[in-house]
Structures are given as C-alpha cells and as structure tokens.
Amino acid sequence: MRYFSTCLFFFLSAAILSGQVHYTGQVENLKGEALDNINILIYPANSEMLLAFDVTDEKGEFQVDVNIKGDSIDIQTSSIHYEKQRKRVANHTQHVSFKLAPDVKQLEAFTVRAAAIDRRGDTLSFMVSSFALEKDRSIEDVIRRMPGIEVEPGGTILYQGIPIQKFYVEGLDLMGGRYAIVSGNLPHGNVSTIEIMENHQPVRILEDRISSQQASLNIKLKRHVSITGQGNMGAGFAPLLWDANITPMMFTKSIQLLASYQANNTGKDVSKQMRVLTPEEFARMAERPSEKPGLLNQPTPGLPDFNENRYLDNNIHLVNLNGLIKLTQDLELRANLYFYNDYRQQESAIKRTFYTPGDSLVFEESIQGRENINYLQGEFTLSRNVKKNFLKNVLNVKGDWNNQHGLFVNDVEDVRQSLKKPFKAISNDLKSINPMRNHLIEFSSYISYDYSPFELSAKPGRFEDILNEGNTYPQSLQNVDLQRFYAKHAAGFVFNHGKITYTPRVGFSIRKQLLESALNVLTTDTLFNAGKAFANDLEGTQTRTYLQSGVEYRDGGFTLRASLPLSWQTIKMDDAIQEKGQFMERLFFDPGLSFALKFKGFWQINGGWSFNNRLGDMDGQNYGFILRDYRSLNQNATPISETQSHRWVSYLSYKNPITSFFSSFNYLFSNSRHNLIYSNAVYTDGSIVRQALLIPNTSIIHSVSAQASQFIRKMRMSIALKVSYSNQAGKAFVNDALYKTDNQFFQLNPSISMQPVQWLNLEYNVKLYYLQTAIEAMKSNDITTLTHQFVLYTLFREKHQFGFNLEYYDQPSNNAFFADLNYRYSIKKTKTDIELVWNNIFNVDKYVSYQTSSFALYETRFYLRPAQFYVKVGFRF
Amino acid sequence: MKPGHITRFLFQIYKDHKNSKIIYFGHIVPTRFKYEEEMSEIKWNLGTDTSHVLDYAANQAFASYGGREWVVWYAPALPINDGPYKFSGLPGLILKAYDTKEDYIFEAISIEKLKEPTDIEMSERTAVATTRRNFLKAEDNLRYDIINRVKEAGVGNELEQRMARRMLKRNNPIELE
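Listed in order, the protein sequences are those of chains A and B. For the first sequence, our numbering gives the first residue as 891, with consecutive numbering after it. For the second sequence, our numbering gives the first residue as -19, with consecutive numbering after it.
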C-alpha cells in the first residue's frame, strides 16, 4: 500500500512540474475501422500556431505531449481522403476519439512559373532560358548543367550516366556520331528547348519490339533559320606558322548545313577528326578488303611514341561540307563531303640491325621524305524510317592522290625513290529491317570496288645481280595495278527467351581481284622488262559462307557468352604469267567462350577463351617478285597463309572509391600456329629479298600487366604504379638460317600527382622501358630508356589559365629535354579566347625511337620541329 | 545564390514511408552506391512563424542535417507529409526548404494532376550498399582525386584539366558532414 502511494505521488509531481499534458486518441471511419496516416494537429484554442503533431498508426491511435498554459486546446485531424475535424478539449491528459467521413480533396493544380523541366510521356523538355547563365556560350555549356545530363571531356553527352545514342537538331541527324562540333558551336541563344527522349528507339519499326535503355537528344530552335558558327585564327613564328579554323552552320526544320575550313602548319593532323568510327564499324571492317592496299611503300621510320605536333612538319588545308535535306516526311538525304591537301616533310635517320645466330648486320641511312596528299571523300545517305520498315543506304566515293618522294643516303650510294599511290574506291552499304510474321528480319548488303594503280621509281636501281647481270643501272620502275571487288550479303534474326538471347546470322561474301605488275629496268641506253619472274597477272577469288550464332546468358552481375561461328571458305588463285595457282577449301569452326562476374561491389573478374582460324589476305600473294620499295624485293608463291590460334584473356580488378584504392591485373596468352614463314635474304647493301616458305612454326605470347593507385587525402596526393611485362617467342628465317627468337619487353611507371592548393595541379611521372631481344636463347641486344615528365597547370575558375610541361628522355644514344608553356586568357564580353603557346623552348632538334621485330631492331633518329611561338584567337558568331 | 543558377543533382532519393526509410542512390566513378537512412534521423523543431507560400498558409520548422541548419515551410492544408530532397515527416507538404546560408534552396513551382496513377520506379541497376558516412567520404575523395580518376579513363591532357576545373565548382556539397 505504501509502495503504491509513493508511485502515485511521483507520477503527479512529474506532470505538475513539467506542465506536460498527455493526449492519446483513436481515429476511425464511419464503419468503425481504424484509420492510419491521419495527421493530428494540436493548436492553442482559436489560433493557427501549431504546437505539436502526430500521425495515427495502423491501429488508428495517436499520442501527443503538449506543454502550454491555458484552459483548453484544439485538436484537428487532416488527411487527403477524409474530412477535417476540429475539437476543442480541456487542457488536461485525456483520450480523444474521432469518427471521420470520407472527403476526397481535389488539390488545385497550379503553376507559379513555367516549369524549367516538363515531362510528356517519355520526353523531358528542358527550357534553355531557365538553365543558361551569362557566361555560357554554346548549347553544350547549358546542357551540361541540366539535371541528369553530363558532358564528357570529349564532348560525349551522357543522360543518367549512359551515352545518348542520337543527337538531333529539329529531329534531323546531320553529323551522325560527330555531334560535338554542333553542340560545341551552336549558341544557346538560338535554342528554345532541349528534349531528352528516354528509352528512345531510333529505328521506328523496332519501337514496340526492342526496348532501348538509351536516350536521344533533340534541339528545338527558337527561330526558323539559325545561322551560326565559330572560328579561330592563330599565327606564330620559326618559321611563319598559322592555324585557322572557321565553321559556319545553318539549321532549319527541313535543310541543315555545316561547313568548315581548317588550315595549319603547326603539326596538327586535322584530317584525323574526319574518321570517327564506332567499335561496331571496326568489327565490320575487319572482314572487308583493307582500306587501302599497301602494295608499294616508302620506307618510313616507325613513328615516335610522343605527341605528333613535335615532329609533324605539315601544311594542311581541309574543307568539310555536310548537308541534310528532308525529301518527304519519311525520306531523308544526307551528304557528308570532305577534301584535304597536306604537304608533309620528314627528315630522319634509320639504323637497322638484323640478328642471325652468331652475327649481326647493321645498316644506316638518312631519309629526307616528302609527301603530298590529296584526299576526297563523299558519303551520301538515303534513309527511310517508318513504322512499317527501315531502310538505310550509304553510298561512299573516295579518291586519294598521294605522291611520296624520298632521298635515301647511306655509305654505298644515294637513292631517290618516288612513289605515286593513287587510289579510287566506291562502295554501297544497304541495311533494311522488315517484318516477317511476328519476327523481324534484318538484311544487309555491302558492295565495293577499288582500284590502285601504283608506280614506283628508284634511282639508281638496286638488286643489280638479280636484275642486270651484276652491272649497276640508273633506274628501276615498278608498276602495280590492283582491282578489287567485294560483296557481302547477310541476314540476321534476334530471339529472346527470358535471360537467354539467341542471335543467329547467315551470310555469303565473295571477293574477286586482279593483280597486274611489271618491273622495268632502265640502263644507260635501254629500257627493258625484268622478265617473267618479276611480273604478275594474278586473278583471285575468295568466298565465305557462314552461319554465325551467339548465345548470351545474363543473371544479375554474371554474364556468359558463347559464340559458335561456322564458315565454309574457298580461295582460288591463278597467275597467267607464272602459270601457277592454288585452290583450297576449308570448313572452319571458331568457338569462343567468355564470362564476366561482378561481386562484392568492388570486384570484377573477366575471362575468355577463343579459337581462331585465319586465312591470309590475297593482297599479300604474288607469284612473281614485286619491288615493294627501293630495297625490298618480295615474293609470296606458297599456298596462302593459315594461322590457328588459341587465345586466353583474363582481367581482375578491385576498385573502391570509398578508400580510393584502385587496382587491376591483366593476363593474356596466345599460341598461334602458322603454316608459312618468311625468309629474309639480307644483302650487303641493306637490300632484302623476302620470300614465303612452307615451314610450319609456332609463336607464343605472354603478357602480364598490373596497376594500382591510392589517393592520400591528408596530402591531397595520389600515388600510382604500373608494371607490365610481355614475352614473344617464335622463329625467324634470315640468310638461310632458321632460328628461335625471343623478345621481352618490360615497363615500370610510377607517378605522383598532387593539388597542394586547390588551383594548382602538379604531376610527376617516370617511365622505364627495357627491351631485350634474344636468338637461340642468347641475348643479342637490350635497350633501356628512361623518361621523366613534370606537368604543372593552374585550375583557376575564370579568365587565366597557365600550363607548363617538362620532359626528359634518357636514351642509349641520345638525351632530349623538352619544355612547353601555354597561357590562355578569356574575355567573356566579346566571347573571345586568346592563347599563347611556346613549344619546344630548348629547341631540341632530334629524338630517337626504337622498334623491334622478331629478328631486327630499328633505331630511328627523328628531326623535330624547332622552338615555336604562336598566338591564337578564338571567337564565336 | 544567383537566380537561374540551378544545381545539377545526379542522385536519386526514394522514400519508403511504410518503413520510415530513405533510400539514396548515387554514382561515384566507377561505382553506383546505395545507402539507407532512418527518416527519424531528421528531427524537426516546429517554429512559430506562419507565412504564405504559393497561396497556401505555411508553417515553419527547423532541422539540423548534414552539417547545415535547414528551414522549411510546409502547408498543413496539403496533408501529404513529404517534401524535397530527403525531407519529410511534417504534417503537410514542404513547399520551400533552404539552409541558413542559402546555399541550397528548394521551392515548389507547380502541382500537377496526373491523368492516371503512375508508379514511381526504382532502378534495379546493381548498386553497392554502403553507409552515408562512407558515401560522403568517397565523394570527398573524388573531389581531390578527380585528375587521377579521369586519367584512369584514358583521356588527353587538356580534357583532364577541363574536368578538374569543373570539379572545382562542386566545392560546396549539400551535405557537409
């Protein structure tokens, strides 16, 4: 009893001391069922100042503590589906019940200001004026600020982290994948809205059949016509330098044009930006004849592995025209044309070392090379994209008028080689998709024809023992004419079944070609043909019939892919002059299996094995000798080369952004069996006679690489280390000796980068290369090169940017020390950038690079561009 | 805070009102992360001021979250206990929310009637589960390590610098701690 009263006392005193009043209650509907998620609001009597609140639980109950002076309070219910009730109750602890009648509230729809983002179905519209800032110039500047959209450094636009698949202006796709030139130049003032079409399927017949995860972007213009563009002009000296670029463009709803003119002699190869290829196109091109056959060549040194603007002595002018017309509602015609002229000069010296067991042969020569390129390409695309079917036809025409001249100076003599390499090609690529009952069938057709009449002249001629009974002679003339025709037709289907996707393809391709060649010798008094052994009249036909099937299984982070291509291939070659030929037919099965697994968040493991049968290219077959360059005489009279290879690739990575530790490991192994080997007869003047021999041999490659990096937050510094090693073992045949070769390559690359203050970035990295060649397990040569690089640049947000670069190359026979400076000043008001560039400050004139093949080492001394200074001004209009 | 300056948010926030949980998805190169928080992590203090936002009578409330002091205005007449960002749990829709430094301001600009009920879809793309603390740490690391991350992706020098400059602008995250 005493115990009870004590408790009661404590309860009462607690309540009185705090002034706390405890309300509990219950909310029900008219049927007496408990109502949850009803807001219970406590107000002072006759006031709207909320004191406390609660939300009813699943039993419809609530409890609220209130601490207020006054006799009574108001308790009010509020919810979206029931009526509002307000009860006045005395201000003391008690239980309050509510019975609510349904009352669905219609919220008033309202808009305070035009929404910056509007959604209609799968299309999001962003109002450009809501996102644009004063400093913005192009539409890309504004796009990158829109929620969910990112712009990658290369100009690639991502939506929700995934690259967009199509870039349209007023629904038209003028530039294909090269849209960065439009997004980077179109002033945002001309654009009204940016539309993002989520899950966009650009091929309309596939719309309801194949769902797409990718989005496309459409630019809607404010006015009917928009004329815009950008330009920049630069000039400098040592010698006179220029760099100009002007890109006007016009967009309307039915016609769009973009032109550009670019010219420079500062070592920038602007023709490269014209050839943007997607990985898909690369894969398709692998089966086609080579883009331009390399029948005859100017012996050019392997390019050094550093920035080409240090050595490329060019003078390029490029004109690019793109137009698109909407012929009817469904039919579009697009033309993309470009032409460029480039005059290049390159001075270099090569030291070639050929290794044979117990001996090595060394040849040195200096080269003064000149090249004049005229290249024209036109692409005409007609497309029809409707619900019923899809059709796209691309006609491509190109012409290349290329002349190369070289002066080769060595101990023996000076040789002048000149080479004309004109090349003309026409191709047509058709793709269509049509419905067939419930399935879709995709049909593709590719037809091409090309013609390369090459001409090579060498003064004086070499191989006098073979060609002119040992007497020297002033000139040799090699003519080669190659015509190639290729056609490929294929059909494909897609079947989906749950987690498994099955994609069979059938196809047939045929390639026919004719190679004609003749070698002429010009002596002091006569011009005579070198004879039957040095001529070709080779007709070749290759066919390939295939059934390709792939199966993919996907489950969460695990993917398993199997490809099971089966092909029937034939090659028939006949040389009318040599009266030689061959016919072969092969059935090939090239299976491949690969898997990828992501686990524990940060880990990923990939692995794959494949087996491949490869037949040699008919371009490499010549029963009669051809003078490939002034010092190489080449014959390939064996059956066509066949290679069978097993290949294993594996990859393991651990990438943890929380601890900022990133690491990966790679291993590659391949084992290839070849039926042919090339014998090289090296002459005392450095000339080579190269012949294919039917000697089976095997080459094995192992390649391992690993890298790791760690960010250290306290020091604002990242340290990284990369290591790689590869080994290539095989056989070589030089001067009648067949022997084992073994090349090893090792690279070590530690680096540090830090931001001691936010606006300054410093980087230092060291690269150590080690290269070793061995013959019959005896080391024949090794080379170590060491590179140090230091980079500094500022990261100021506005106006000024400053950068400085130092590189030091430590090589066996050369040291080079490079320094470059650049400074950029931006003037917002006039939308102008001024850039000052000072390259190669120490005026370094040469650089050495090394290349190896299985039995030779090439050491190339490059003469570089001198120190140069130039000013560049960029503007937009 | 300049007018027209709209911050790009690249995260997704889902609110599981039934279990009082906030589910956050964010991408930090090269990983997509996910973390959960209790809604009760954000503790509201009711204010006494009243005002009108978008013609609705609105009450004030305060909370301290992520290293910022937040002020919100909610409308009891709109009994939908939700709001922008991670905010919810007041007896009415939050129509306006800002931190006391006014670095971040959320404002309702329209209420729209949907023709038919629409589900809110949660992406099934795999994400690594982590905690809020670790996510903020990873975000902070990225800010200062951006150049190396970009390098790993293998882009040119000039582009690395552009990325780093852009990252400099993201120096004032919505959650400071």
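Glycine included, C-beta positions come from ideal geometry on N, C-alpha and C.
Around the beta-carbon of residue 956/A, 16 or more other beta-carbon atoms lie within 10 Å, marking it buried. An exposed status is given to residue 1023/A, since fewer than 16 other beta-carbon atoms sit within 10 Å of its beta-carbon. Exposure of residue 1252/A is indicated by the presence of fewer than 16 other C-beta atoms within 10 angstroms of its C-beta. The beta carbon of residue 1453/A lies closer than 6 Å to those of 1440 and 1482 in the same chain, with the five residues before and after it left out.
Within 10 angstroms of the beta-carbon of residue 1255/A lie 16 or more other beta-carbons, which makes it buried. Residue 1055/A carries a coil assignment under DSSP once its states are collapsed to helix, strand and coil. Residue 1337/A has its alpha-carbon roughly 14 Å from the corresponding atom of residue 1269/A. As summarised for the segment 1633 to 1714 of chain A, the continuous beta strand (DSSP E) elements at least 3 residues long and confined to that stretch are 1650 to 1665, 1668 to 1684 and 1690 to 1701, given in chain order. Setting aside the 5 residues that flank it on each side, residue 1110/A is surrounded in the same chain by 1082 and 1083, each with a C-beta closer than 6 Å to its C-beta; the list follows chain order.
Residue 1508/A holds the alpha-carbon nearest to the alpha-carbon of residue 1432/A among 1127/A, 1571/A and 1508/A.
Assignment of residue 1112/A by DSSP, reduced to helix, strand and coil, places it in the coil class. Using beta-carbon distances, residue 99/B does not count as an interface residue toward chain A, since no partner is under 9 Å. Under a criterion of Cβ atoms nearer than 9 Å, no residue of chain A is adjacent to residue 156/B; the nearest Cβ is some 16 Å distant. For residue 940/A, the chain B residues whose Cβ falls inside 8 Å of its Cβ are 26, 39, 56 and 71, in order along the chain. With a cutoff of 9 Å on beta-carbon distance, residue 1608/A and residue 127/B are scored as near each other. Counted as a single uninterrupted DSSP element, the stretch harbouring residue 1070/A is not any beta strand (DSSP E) but the alpha helix (DSSP H) occupying residues 1070 to 1073. The beta carbon of residue 1215/A is closer than 6 Å to those of 1145 and 1223 in its chain, skipping five residues each way along the sequence. Taken in chain order, the complete beta strand (DSSP E) segments of 3 or more residues contained in the segment 1318 to 1362 of chain A are 1329 to 1349. Judged by beta-carbon spacing, residue 1634/A lies within the 9 Å limit of residue 1661/A, meaning their Cβ atoms are closer than that value.
The C-beta of residue 912/A has fewer than 16 other C-beta atoms within 10 Å across all chains shown, which makes the residue exposed.
Here DSSP, grouped into helix, strand and coil, assigns residue 1757/A to coil. In terms of Cα proximity to residue 1467/A, the closest of 1436/A, 1503/A, 1443/A and 1427/A is 1427/A.
In this structure the segment 1291 to 1302 of chain A does not touch the segment 1316 to 1326 of chain A; the number of beta carbon pairs closer than 8 Å is below three. At a cut-off of 4 residues, not a single continuous stretch assigned as alpha helix (DSSP H) sits fully inside the segment 69 to 118 of chain B.
Residues 1460 of the same chain have their beta carbon placed closer than 6 Å to that of residue 1475/A, with the five preceding and five following residues left out of the count.
Comparing alpha-carbon positions, the option among 996/A, 982/A and 974/A lying closest to residue 988/A turns out to be 974/A. The DSSP assignment places complete beta strand (DSSP E) segments of no fewer than 3 residues inside the segment 925 to 1007 of chain A at 929 to 934, 942 to 945, 951 to 957, 962 to 968, 976 to 980 and 984 to 990, in order along the chain. When DSSP assignments are scanned along the segment 1158 to 1237 of chain A, the uninterrupted stretches of alpha helix (DSSP H) that are 4 or more residues long and fall wholly within it turn out to be 1169 to 1175. According to the DSSP secondary-structure assignment, residue 1271/A is paired through a beta bridge with 1224/A and 1284/A. Counting only Cβ-Cβ distances below 8 Å, residue 1488/A has contacts in chain B at 106, in chain order. In the three-state reduction of the DSSP assignment, residue 151/B falls in the coil class, being assigned neither a helical nor a strand state. Contact between residue 1732/A and residue 1708/A holds, with the beta-carbon distance rounding to 7 Å and staying under 8 Å.
Counting C-beta pairs closer than 8 Å gives three or more between the segment 1625 to 1639 of chain A and the segment 1555 to 1575 of chain A, which meets the contact rule. Residue contact check for residue 152/B against chain A: no CB pair falls below 9 Å. Excluding five sequence positions before and after residue 1676/A, the CB atoms of its chain that fall closer than 6 Å to its own CB belong to 1658 and 1700, given in chain order. The shortest C-alpha to C-alpha distance from residue 1650/A to any of 1694/A, 1678/A and 1631/A is the one to 1694/A.
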